[in-house]
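S.K.: One structure, as structure tokens, below. Some questions next.
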Amino acid sequence: MMIHDSKRGPWRAICATALAATAIAAIGPRGVALGTSGDEAETTWKIYADQVFTEPGNVLENCLLLVQDGKIKALAAGRSVSDDDDVISVACVTAGMVDASAGLHTGYTSVEQSQEIQPQRRAQDSLDVFDHRWHRQARSGVTTTIVSPYDRNVIGGLSVAVKTAGSDTVADRIVAADVCVRGAIGSLPSSGNRPWGRPTDFYQRRPTTRMGVEWEWRKAMYDAGFAAQDESRAFDGSAELGSVLAGETPLCIQAWATQDVRTAIFLKEEMQAEGFGEINLIVDAAAEAWKEPDLLVRSNTAVILPPFTAGGRMREGAFMPWGAAKTLVDLGIRVALSSHGAKPAGARLANQAGFAMRGGLTLDEALAAVTTAPAEMFGIGDQVGKVRTGGAADLVLWNGTPFEATSRIVGVLVDGNLVLDPR
Amino acid sequence: MMANLSNARLRSAASAALALLALHSVSSASSADTFAIQAERVHTGGGQVLKDATVVIADGKIVSILTAGVEAPQGVDVIEHEGDLSAGLIALQDFSGAKGENHDSTRTLMPDADLSHAYHPDHSDFERLLSEGITSIVLAPARASLVGGVTAVVKTHGGRVLKRRAHLQLSLASSSLRHDRFPTSYAGALTEFDERLESEQGAFGEAQAGKLPVVIRADSKHEVQRAVAFAQEHGLKGAIAGASRSGELAASIRDAGLGVIYRPFTLGMESRSLRSVALLAEAKVPFGFGLEAPLRHPASLRLSAAACMRAGLDAKTAWRALTEDAASIAGVESSVGVVAAGKDADLVLWSAEPLDLGSSVVAVYVDGLRAFGGDQ
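This is the structure in structure tokens:
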């Protein structure tokens, strides 16, 4: 929401606010903490950008932003750059990015493997907020991530949306809990399960083939469907799967290859045909989703793409061309890009947006794929993904046009905290 | 094998029949019901050091501490020690005499397994503990255990179990989450613990009712955070065992009313971990050291305290961590940890200041019995 320019000018009002704040305590260029209450330090920032991309399709030119108490206090377009040394001046500002599949779980300990079907386990119980990877994500412009259990189960548990910086307390970092039920189709949930060791080894009970994985999925969904109709048939996790069948909690399935994408969609359609409900389906790491456009459109399935690779080859023997995102977006399919925990500096989420543009996406489409699209997929679109007055101050500061090869992220704010300082 | 008590002499309080009595005492002082030790410096506890004081011992207990110039009662043999005397050291989390017997790999949850039945009191492990001045240990289940049982506080000489069911030991460390049985995840372990606490049965029930403290193993910082939150949610008291960096979460540990048991430090330990110990001390969180002998050398206990002092921990707190704070965490502070009247006569004679790594153990008494060193 922009403040309209008028004769008096909204910036004057903003300055007045700032001056009032100055009276309480000086706001230095380093965002000197204002009067602190308890342990919380309040911080104020003034940012000037040639362009502020408030959301895909909407740009404010020559815009001043006021950030206060972790929120965007005001936006004022059409201003000239101030010679006030308190202002951070950059080329462009976008909303903080949302990584739909960042792989920031704690590995094997994040997923309960003693049973194949564990929809009730919560990824937030396994979060490690001290992991150095959060810092890496935050500095690369990702301000919110979806953390899912490691994909070693058929159904691994409930994912959580988490800010990449801020408090050291898990509860304070959570944007939204239980944003989806997470599972996997493909070779991962069936690999490493062949019998070994003692005869009591539970791996013997695990599926060892894709067919077995699919059977586990179908059985779990049928069981949950029956449990929804008959309370006496309830089991651990049936409530969570019931919520999936009712379309209330999205179902996010990792499926790299075409056959796995198909299995996921057929599962959704079978449940629908059986009258159990309509699943809100998201396929993650769906490198070959582009090969099944009709199925995706027909089932209204959302897609999270894995990181692009130079040759297009990726895990599970899948192939993803540069144009994959473009193909899907043009069909009206909801598409999010992801980093999948990629470590190289050139493979992070912002780079993925650039790669997708190389494949044909426009800037607005690429911006949507790393901000509003993933946020809306997981039901947190009203909290993150856009630059708006009163919203959380999750911002990415650029020294040029976002996602261009010649541009760089020079600053990042998460809830008003400057985690990457452009000065 | 036994070190010679070269700088301790025996002196009879009764001047008559000196030679005869002395001869008699040399052979029987360690088993005499009443005797006394005079040392150049007596570290009573709390940082207090008495010069040339005499500790009078009867029936395995400390009867009194006589300041310099006060003679021991008539007829009491006095061992004269040219050096320091202190309370025996206490190792929290130890496997001595129980290695290979303190973990059942086919059972994940054994809340009522009793560690006091896992150990052999005459095992040679104990001689090595005594040689480093350690007189009490908390027997703990092996690190692979998830719910390994209830710990026991035992003496390192004489086979005395000072306290059975000292804590219920749980683990929220990844090293206890194996891939071949339930649970494999933090979430699975937490769910299981929650259900057991709600059932109010056995050791879990006692812990829930506040009658049995817990020790929760947690290695990395996020595991400590999770363990503290879990303990706080259920109102459990006790200590977090493991995490070298737990000092960075000192405030939340203090607010939860918990203590900390470190794994033994080495002098080469990362400085961030060592510095964080001082943060714990600042927050007034009680802490002590685990030893994990026989997997670690018993000297690691005193080395741990020295490593922390190199990183800025004050000597008084370091000493408390080895003795009285450790006793509190083990729940045996009424018996051991300080040199005071009424306490067990667990005493160590040192060649010099005990926190000086150049000093060595000259003799050790456990429950008034000479357990190590001294004249033969």
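So the sequence lines, in the order shown, correspond to chains W and F. Just so we're on the same page, our numbering is the position in the first sequence counted from 1, plus 14. Just so we're on the same page, our numbering is the position in the second sequence counted from 1, plus 12. Ideal Cβ placement from N, Cα and C applies to all residues, glycine included. Quick caveat: nothing in here was measured; it's all calculated off a predicted structure.
#1: Are any of the Cβ atoms in chain F nearer than 9 angstroms to that of phenylalanine 144 of chain W?
#2: From the beta carbon of arginine 155 of chain F, is the nearest beta carbon of chain W less than 9 angstroms away?
#3: The alpha helix (DSSP H) with asparagine 365 of chain W in it runs from where to where?
#4: Could you confirm whether any beta carbon from chain W is found closer than 9 angstroms to the beta carbon of alanine 199 of chain F?
#5: Provide the residue span of the beta strand (DSSP E) that contains tryptophan 59 of chain W, from first to last.
#6: Does valine 88 of chain F come out as helix, strand or coil in the three-state DSSP assignment?
#7: Under the DSSP definition of a beta bridge, which residues are partnered with asparagine 72 of chain W?
#8: Among the residues of its own chain, which have a CB less than 6 angstroms from the CB of lysine 233 of chain F, if the five just before and after it don't count?
#9: Find the residues of chain W that neighbour arginine 287 of chain F, judging by a C-beta separation of less than 9 angstroms, and give them in chain order.
#10: Can you say whether methionine 371 of chain W is buried or exposed, counting buried as having 16 or more other CB atoms within 10 angstroms of its CB?
#11: Between the alpha carbons of leucine 48 of chain W and lysine 249 of chain F, how many angstroms are there, rounded?
#12: Can you tell which of W:Thr158, W:Pro264, W:Thr376 and W:Ala350 has its C-alpha closest to the C-alpha of alanine 406 of chain W?
#13: I believe isoleucine 169 of chain W touches glycine 200 of chain W by the beta-carbon criterion, under 8 angstroms. Please report the beta-carbon distance rounded to the nearest angstrom.
#14: Output, in sequence order along the chain, the residues in the stretch 129 to 160 of chain W whose CB is closer than 9 angstroms to any CB in chain F.
#15: Excluding the 5 residues flanking alanine 37 of chain W on each side, which residues of the same chain have their C-beta closer than 8 angstroms to its C-beta?
#16: Buried or exposed: which applies to glutamine 237 of chain F, given that a residue is buried once 16 or more other Cβ atoms fall within 10 Å of its Cβ?
#17: Which residue wins for smallest C-alpha separation from tryptophan 336 of chain W, given the options W:Phe144, W:Leu345, W:Val66 and W:Gly325?
#18: By the criterion of Cβ-Cβ separation under 7 angstroms, what are the contact partners of phenylalanine 194 of chain F in chain W?
#19: So which residues of chain W does isoleucine 191 of chain F contact, with C-beta pairs closer than 7 angstroms?
#20: Applying a beta-carbon distance threshold of less than 8 angstroms, which residues of chain W neighbour histidine 234 of chain F?
#21: Measure from the C-beta of glutamine 244 of chain F to each C-beta in chain B and report whether the shortest distance is under 9 angstroms.
#22: Between the C-alpha atoms of arginine 232 of chain W and serine 285 of chain F, what's the straight-line distance to the nearest angstrom?
#23: Which of the residues in the stretch 171 to 182 of chain W, read from start to end, lie with their CB under 8 angstroms from any CB of chain F?
#24: Do you know whose CA, among W:Tyr236, W:Thr315 and W:Ser173, lies nearest aspartate 287 of chain W's CA?
#25: Using a Cβ-Cβ cut-off of 9 angstroms, state whether leucine 291 of chain F counts as contacting chain W.
#26: Only counting the same chain, and skipping five residues up and downstream in sequence, which positions put a Cβ closer than 8 angstroms to that of arginine 322 of chain F?
#27: Among the candidates F:Ser197, F:Ser340 and F:Val226, whose CA atom is the shortest distance from the CA of arginine 177 of chain F?
#28: Looking only at C-alpha atoms, which of F:Gly72, F:Gln60 and F:Ala51 sits nearest to arginine 382 of chain F?
#29: Verify the CB distance criterion: does leucine 209 of chain F have a CB-CB separation below 9 angstroms to chain W?
#30: Under a CB-based cut-off of 9 angstroms, is valine 184 of chain W close to chain F?
#31: Under DSSP, the beta strand (DSSP E) around histidine 55 of chain F begins and ends at which residues?
#32: Is the stretch 124 to 134 of chain W close to the stretch 159 to 178 of chain W, with three or more CB pairs under 8 angstroms?
#33: Taking only three categories from DSSP, how would you classify glutamate 245 of chain W?
#34: Comparing the C-beta of threonine 203 of chain F with each C-beta of chain W, is any distance below 9 angstroms?
#35: Please state whether the Cβ-Cβ distance between leucine 270 of chain F and valine 289 of chain F is less than 9 angstroms.
#36: Tell me which residues share the same chain as glutamate 336 of chain F and place their Cβ nearer than 6 angstroms to its Cβ, disregarding the 5 neighbours each side in the sequence.
M.R.: Well, looking at it:
#1: In the first sequence, counting from the first residue as 1, residue 144 of chain W sits at position 130. Closer than 9 angstroms to some Cβ of chain F, the Cβ of phenylalanine 144 of chain W qualifies, so yes.
#2: Your numbering for residue 155 of chain F matches position 143 in the second sequence. So, not an interface residue.
#3: Taking the first sequence and counting its residues from 1, the one referred to as residue 365 of chain W is at position 351. Asparagine 365 of chain W -> alpha helix (DSSP H) spans 363 to 372.
#4: By 1-based counting over the second sequence, the position of residue 199 of chain F is 187. By this cut-off, alanine 199 of chain F is an interface position.
#5: Sequence index remark: in the first sequence, residue 59 of chain W carries index 45 (1-based). Per DSSP, tryptophan 59 of chain W belongs to the beta strand (DSSP E) from 58 to 69.
#6: Reading the second sequence from its first residue, position 76 is the one you call residue 88 of chain F. Here valine 88 of chain F sits in coil by DSSP.
#7: Position 58 of the first sequence holds residue 72 of chain W. BP columns for asparagine 72 of chain W point to W:Glu69.
#8: On the second sequence, residue 233 of chain F is found 221 positions in, with the first residue counted as 1. These residues qualify, in order along the chain: Arg257.
#9: Residue 287 of chain F sits at position 275 when you count from the first residue of the second sequence. In chain order: nothing, as chain W lies at least about 16 angstroms away.
#10: Looking up residue 371 of chain W in the first sequence gives position 357. It is buried - the Cβ of methionine 371 of chain W has at least 16 other Cβ atoms within 10 Å.
#11: Reading the first sequence from its first residue, position 34 is the one you call residue 48 of chain W. Reading the second sequence from its first residue, position 237 is the one you call residue 249 of chain F. Here leucine 48 of chain W scores only 37 on pLDDT, less than 50, and its place in the model should not be relied on; the value that follows carries that caveat. Using only the alpha carbons, I get a separation of about 38 angstroms.
#12: In the first sequence, counting from the first residue as 1, residue 406 of chain W sits at position 392. When each option's Cα is compared against that of alanine 406 of chain W, the closest is W:Thr158.
#13: Along the first sequence, one-based indexing puts residue 169 of chain W at 155. Along the first sequence, one-based indexing puts residue 200 of chain W at 186. Between glycine 200 of chain W and isoleucine 169 of chain W the Cβ distance is about 14 angstroms, and since that is not below 8 angstroms, they are no contact.
#14: Gln129, Gln132, Gln134, Arg135, Arg136, Ala137, Gln138, Asp139, Ser140, Leu141, Asp142, Val143, Phe144 and Asp145
#15: Mapped onto the first sequence, residue 37 of chain W falls at position 23. Reliability of the predicted coordinates at alanine 37 of chain W is poor, the pLDDT of 34 falling under 50, and the value obtained from them is presented with this limitation in mind. Once the five neighbours on either side are set aside, alanine 37 of chain W has no close Cβ partner at all.
#16: On the second sequence, position 225 is the one that residue 237 of chain F refers to. The residue is buried, with at least 16 neighbouring Cβ atoms inside 10 Å.
#17: Taking the first residue of the first sequence as 1, we reach residue 336 of chain W at position 322. The shortest Cα separation from tryptophan 336 of chain W among W:Phe144, W:Leu345, W:Val66 and W:Gly325 belongs to W:Gly325.
#18: Residue 194 of chain F sits at position 182 when you count from the first residue of the second sequence. Per Cβ cutoff of 7 angstroms: Ser128.
#19: Taking the second sequence and counting its residues from 1, one reaches residue 191 of chain F at position 179. One detail in the question is off: residue 191 of chain F reads as histidine in this sequence, not isoleucine. Under the 7 angstroms cutoff, chain W gives Tyr122 and Gln127.
#20: The residue labelled residue 234 of chain F in the question sits at position 222 within the second sequence. Those are Thr120, Leu141, Asp142, Val143, Phe144 and Asp145, listed as they occur along chain W.
#21: Going by chain labels, chain B is absent from the structure shown, which instead holds the protein chains W and F.
#22: On the first sequence, residue 232 of chain W is found 218 positions in, with the first residue counted as 1. On the second sequence, residue 285 of chain F is found 273 positions in, with the first residue counted as 1. Distance between the alpha carbons of arginine 232 of chain W and serine 285 of chain F is about 49 angstroms.
#23: Gly171 and Asp182
#24: Reading the first sequence from its first residue, position 273 is the one you call residue 287 of chain W. The identity of residue 287 of chain W in the sequence shown is alanine, whereas the question assumes aspartate. Per the Cα distances, W:Tyr236.
#25: The residue given as residue 291 of chain F occupies position 279 in the second sequence. Leucine 291 of chain F does not count as touching chain W.
#26: Reading the second sequence from its first residue, position 310 is the one you call residue 322 of chain F. Closer than 8 angstroms at Cβ, skipping near neighbours: Leu279 and Leu286.
#27: Mapped onto the second sequence, residue 177 of chain F falls at position 165. Residue F:Val226 is the option with its Cα nearest to arginine 177 of chain F.
#28: Stepping through the second sequence from its first residue, residue 382 of chain F is reached at position 370. Of the listed residues, the one whose Cα sits closest to arginine 382 of chain F is F:Gly72.
#29: Along the second sequence, read from residue 1 onward, the residue named residue 209 of chain F stands at position 197. With 9 angstroms as the cut-off, leucine 209 of chain F does not count as an interface residue toward chain W.
#30: Numbered from its first residue, the first sequence carries residue 184 of chain W at position 170. Output row for valine 184 of chain W: interface = yes.
#31: On the second sequence, position 43 is the one that residue 55 of chain F refers to. Counting along the chain, the beta strand (DSSP E) containing histidine 55 of chain F begins and ends at 46 to 57.
#32: yes
#33: Position 231 of the first sequence, counted from the first residue, corresponds to residue 245 of chain W. The answer is helix: DSSP assigns glutamate 245 of chain W an H, G or I state.
#34: Working through the second sequence from its first residue, we reach residue 203 of chain F at position 191. Output row for threonine 203 of chain F: interface = yes.
#35: Walking along the second sequence from the start, residue 270 of chain F turns up at place 258. Walking along the second sequence from the start, residue 289 of chain F turns up at place 277. Not closer than 9 angstroms, so no.
#36: Numbered from its first residue, the second sequence carries residue 336 of chain F at position 324. Closer than 6 angstroms at Cβ, skipping near neighbours: Gly57, Gly349 and Val350.
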